[in-house]
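> Residue numbering for the sequence shown follows the working numbering, starting at 1374 and increasing by one per position. Just so you know, even glycine gets a beta-carbon here, dropped at the ideal spot from N, CA and C. After the structure tokens below, expect a handful of questions from me.
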Amino acid sequence: MSEVLADVAQVSALIVALALVHRPLGDYMARVYSSRRHLRVERWMYRAVGADPDAQMRWPAYLRGMLAFSLVSVLLLYLLQRVQDKLPLSLGFAPIDPDQAFNTAASFVSNTNWQSYSGETAMSHVTQTAGLAVQNFVSAAVGMAVAIALVRGFARSRTGELGNFWADLVRGVVRILLPICVVAAVVLVALGAIQNFAGIHTITTLTGDDQHLTGGAVASQEAIKDLGTNGGGFYNANSSHPFENPDGASNLLEIFLLLVIPFSLPRTFGTLVGSVRQGYAIVAAMAGIWLAGVIAVTWLEFAHPGTASQLAGGAMEGKEQRFGEGGSSLFAVSTTMTSTGSVNSFHDSFQGLSGGVLLFGMMIGEIAPGGVGSGLYGMLVMAVVAVFLAGLMVGRTPEYLGKKLGSREIKLAACYILITPALVLTGTAAAMATGNGESSMTNTGAHGFSEVLYAYTSASNNNGSAFAGFGADTVYHNTALGLCMLLGRFLPMVFVLALAGSLAGQKPVPAGAGTLRTDKPLFTGVLVATIVIVAGLTFFPALALGPLAEGLAV
């Protein structure tokens, strides 16, 4: 079988697997978030934090609970890094510097998992498991909770109540993330990933040099890093390291894990609002954009323009032979169109236009299918905008799922959309204007600018992947990127929850002759066009200075 046919078969198998679990997993998550029953272990957790899981919250209370939990998480993770040398299983590692500890705490709590450190030489076993891995679970559960709150805003009427944040958080971890991760970790171990608390092993290579290998609880962290669209690797090489991602089978499993919940949540949405066809319209838009990205990047990498790539017979710089161009391209698109940030190849080595596609996947808001929870609520906000624009074109009052979209709802949606572009463009401009961007570039010219643009796009959109040549471990970038991660995560959530509260308080409007059918292919097309146009108009000038200039110059 040729490499092209093998890659087509790989993508086809992935699509079939995602389609098979879409309905059962989506329906299961709907039952989890609508259940009135509490498990015993969940009751213990509620008592530990002093929460009443049956108390309904309006959006300000839901927001306060989410922000308080996240603030405490940042402080605890920062403290853990600063005292890790005094804890068991420290491996002899020193405390993390203050600026890097802040960056890492902001990164993992915001579900970004940007890493300006090398995990196997900086983080102790306790920090990795009790700190980073725990945040992988709870930060993902926070995103899912906010998404479910928005869905309840559409499903409920004449009430401002959106559920209970603490119940949604705990159920997301206990009933969804944890069971799937247990199974996934066991499968990864069977495929060759390691799982232990070993220390540092020194081995002698074939050339006679010494190499130091650190063991750890890798498989368990790998499972939740992908399932929770986190992305932070145990090792600096992330999923290109054989201890994290041994072969092609594990590579396909990891891609499946990072896509399965985002692609299943639209089914949950459709079930909870009482129309599964609405969920199909949303997932169709997600799948269309994702598949277009996969085809574009794979084709560009196989075309391998440029003298060096043509002489080598392929664009294999920065890629693992065991994954090839197809497996690397599929992983890269999937990780940038979700908020995962996990990598099995170095995006800095992709072709110029390929890097532009990866950047664009983040710039559209990582909604195709997006992060766990964040992808769904981001797509629903874009659906609100699409309905509003369609209503303007035909001269009718815009309605979505029986809710009128007035000035308040559109203002909240607009604020949501404007936050991350402002952070990306302002952060990139400030880095370049102060010289901090140029001093951290490995390359010059358009590709060097792409490194800086990619870093601030990744941080502001809570992705976490990077053009590996960018030197991010400076006081300036650790601080600036950390602030972008926190603002890019929590400011949009403020507007999402406010929008949910506004929708939940409305009286439902019966569908009429002038109501736009949002469960039809026409609306899916309008939604995709809205996403592409909004992102294109916002980011085209920046893309023209970086990946487009580089790609067209080859």
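(1) Classify E1376 as buried or exposed, calling it buried when 16 or more other Cβ atoms lie within 10 Å of its own Cβ.
(2) Where are the beta strand (DSSP E) runs, 3 residues long or more, that stay fully inside the region 1706-1790, in chain order?
(3) Is there contact here, the region 1842-1857 with the region 1473-1493, by at least three beta-carbon pairs under 8 Å?
(4) Quick one: grab the DSSP three-state call for R1396.
(5) So S1718 and A1705 are supposed to be a Cβ contact under 8 Å. How far apart are they, rounded?
(6) Cα separation between S1361 and A1421?
(7) I'd like to check one pair, E1923 with S1833: are the Cβ atoms closer than 9 Å?
(8) Hey, which unbroken runs of the alpha helix (DSSP H) at 4 residues or more fall wholly within the region 1426-1514?
(9) According to the Cβ coordinates, are A1514 and L1550 closer than 9 Å?
(10) Taking Cβ to Cβ, would you say M1752 is nearer than 9 Å to A1658?
(11) Exposed or buried, what is W1539 when buried is set at 16 or more other beta-carbons lying within 10 Å of its beta-carbon?
(12) Answer yes if the region 1838-1847 comes into contact with the region 1806-1826, meaning at least three C-beta pairs across the two stretches below 8 Å, and no otherwise.
(13) Using the Cα positions of I1469 and L1900, report the straight-line distance between them to the nearest angstrom.
(14) Taking the continuous beta strand (DSSP E) assigned at Q1594, which residues delimit it?
(15) What do you get for K1598, buried or exposed, if any count of 16 or more other CB atoms within 10 angstroms of its CB means buried?
(16) Consult DSSP for T1587 and reduce its assignment to one of helix, strand or coil.
(17) Can you tell which of I1573, N1569, I1576 and H1614 has the C-alpha that lies nearest to the C-alpha of A1590?
(18) Going by C-alpha to C-alpha distance, which of S1707, V1882, A1654 and G1748 sits closest to T1897?
(19) Can you confirm whether the region 1448-1459 touches the region 1559-1569 when touching is taken to mean that 3 or more C-beta pairs between the two stretches lie within less than 8 Å?
(20) For T1641, count the other beta carbons within 10 Å of its own beta carbon; 16 or more makes it buried, fewer makes it exposed. Which is it?
(21) Which value, in whole angstroms, describes the spacing of the CA atoms of V1869 and A1741?
(22) Any contact between the region 1494-1507 and the region 1527-1536? By contact I mean 3 or more CB pairs, one from each, below 8 Å.
(23) Taking P1865 as the reference, give the member of A1915, C1788, H1574 and S1875 with the closest Cα.
(24) For S1463 versus H1498, is the C-beta distance shorter than 9 Å?
(25) Quick check: the region 1656-1673 against the region 1425-1443, are there 3 or more CB pairs under 8 Å?
(26) Can you check whether the CB of A1877 is closer than 9 Å to the CB of G1526?
(27) Around the C-beta of Q1584, are 16 or more other C-beta atoms found within 10 angstroms, so that it is buried, or is it exposed?
(28) Entirely within the region 1801-1859 and at least 4 residues each: give me those alpha helix (DSSP H) ranges in chain order.
(29) Considering only their Cβ atoms, is the gap separating A1518 from A1557 smaller than 9 Å?
(30) For T1711 versus G1748, is the C-beta spacing smaller than 9 Å?
(31) Just how far apart, CA to CA, sit A1379 and Y1608?
(32) Would you list the residues sitting across from H1614 in a DSSP beta bridge?
(33) So what does K1692 bridge to, in DSSP terms?
(34) In terms of residues, what are the limits of the beta strand (DSSP E) holding T1577?
(35) Output needed for V1560: all residues of its chain with C-beta closer than 8 Å, excluding positions within five of it in sequence on either side, in chain order.
(36) Let me confirm a value: F1913 is counted as buried when at least 16 other C-beta atoms fall within 10 Å, else exposed. Which label applies?
Looking at the coordinates:
(1) Translated into positions along the sequence shown, residue 1376 becomes position 3. The residue in question, E1376, is exposed, as its Cβ has fewer than 16 Cβ neighbours within 10 Å.
(2) none
(3) Contact holds between the region 1842-1857 and the region 1473-1493, because three or more Cβ pairs, one in each stretch, are under 8 Å apart.
(4) Position 23 of the sequence shown holds residue 1396. In this structure, R1396 counts as helix in the three-state DSSP scheme.
(5) One-based indexing of the sequence shown puts residue 1718 at position 345. One-based indexing of the sequence shown puts residue 1705 at position 332. Yes, S1718 and A1705 are in contact; Cβ-Cβ is about 6 Å, under 8 Å.
(6) An answer regarding residue 1361 cannot be provided, because it is not within the stretch 1374 to 1927 covered by the chain.
(7) Sequence index remark: in the sequence shown, residue 1833 carries index 460 (1-based). Sequence index remark: in the sequence shown, residue 1923 carries index 550 (1-based). E1923 is positioned such that its CB atom lies no closer than 9 Å to that of S1833.
(8) 1432-1455, 1471-1482 and 1492-1495
(9) As a first step, residue 1514 must be located in the sequence shown, where it is residue number 141. As a first step, residue 1550 must be located in the sequence shown, where it is residue number 177. Yes.
(10) Counting from 1 along the sequence shown, the entry for residue 1752 is found at position 379. Counting from 1 along the sequence shown, the entry for residue 1658 is found at position 285. Their beta carbons are under 9 Å apart, which means M1752 touches A1658 by this criterion.
(11) As a position in the sequence shown, residue 1539 is number 166, starting the count at 1. Buried, by the Cβ-count rule.
(12) Verdict: yes, contact present.
(13) As a first step, residue 1469 is located in the sequence shown; it is residue number 96 there, counting from the start. As a first step, residue 1900 is located in the sequence shown; it is residue number 527 there, counting from the start. Rounded to whole angstroms, I1469 to L1900 spans 44 Å at the Cα level.
(14) Along the sequence shown, one-based indexing puts residue 1594 at 221. Taken as a continuous stretch (DSSP letters only), Q1594 belongs to no beta strand (DSSP E), being part of the alpha helix (DSSP H) at V1591 to L1600.
(15) Here residue 1598 corresponds to residue number 225 of the sequence shown, with the count starting at 1. Buried, since its Cβ has 16 or more Cβ neighbours within 10 Å.
(16) The count along the sequence shown starts at 1 and reaches residue 1587 at position 214. Note: T1587 maps to strand in three-state DSSP.
(17) For this step, residue 1590 is matched to residue 217 along the sequence shown. In this structure, N1569 is the residue among I1573, N1569, I1576 and H1614 with its C-alpha nearest to the C-alpha of A1590.
(18) For the purposes of this step, residue 1897 is identified with residue 524 of the sequence shown, where counting begins at 1. Per the Cα distances, A1654.
(19) no
(20) Along the sequence shown, read from residue 1 onward, the residue named residue 1641 stands at position 268. Under this definition T1641 is a buried residue.
(21) Locating residue 1869 in the sequence shown gives position 496, where the first residue counts as 1. Locating residue 1741 in the sequence shown gives position 368, where the first residue counts as 1. Each residue's alpha carbon lies about 18 Å from the other.
(22) Flag = no, the region 1494-1507 and the region 1527-1536 do not touch.
(23) Sequence index remark: in the sequence shown, residue 1865 carries index 492 (1-based). When each option's Cα is compared against that of P1865, the closest is C1788.
(24) Translated into the one-based positions of the sequence shown, residue 1463 becomes position 90. Translated into the one-based positions of the sequence shown, residue 1498 becomes position 125. Contact: yes.
(25) no
(26) As a first step, residue 1526 must be located in the sequence shown, where it is residue number 153. As a first step, residue 1877 must be located in the sequence shown, where it is residue number 504. Yes, these two residues count as a Cβ contact at 9 Å.
(27) In the sequence shown, counting from the first residue as 1, residue 1584 sits at position 211. Under this definition Q1584 is an exposed residue.
(28) As summarised for the region 1801-1859, the continuous alpha helix (DSSP H) elements at least 4 residues long and confined to that stretch are 1809-1812 and 1818-1833, given in chain order.
(29) Here residue 1557 corresponds to residue number 184 of the sequence shown, with the count starting at 1. Here residue 1518 corresponds to residue number 145 of the sequence shown, with the count starting at 1. Their beta carbons are not under 9 Å apart, which means A1557 does not touch A1518 by this criterion.
(30) In the sequence shown, counting from the first residue as 1, residue 1711 sits at position 338. In the sequence shown, counting from the first residue as 1, residue 1748 sits at position 375. For T1711 and G1748, yes; Cβs fall inside 9 Å.
(31) Residue mapping note: residue 1379 aligns to position 6 of the sequence shown, counting from 1. Residue mapping note: residue 1608 aligns to position 235 of the sequence shown, counting from 1. Going by the C-alpha atoms only, they are around 29 Å apart.
(32) Looking up residue 1614 in the sequence shown gives position 241. Per DSSP, none; premise fails for H1614.
(33) Walking along the sequence shown from the start, residue 1692 turns up at place 319. Paired residue(s): S1718.
(34) By one-based count along the sequence shown, residue 1577 stands at place 204. Start and end: I1573 to T1577.
(35) Taking the first residue of the sequence shown as 1, we reach residue 1560 at position 187. Excluding residues within five positions, the ones whose Cβ falls inside 8 Å are L1626.
(36) For this step, residue 1913 is matched to residue 540 along the sequence shown. Classification of F1913: exposed, given that the 10 Å Cβ count is below 16.
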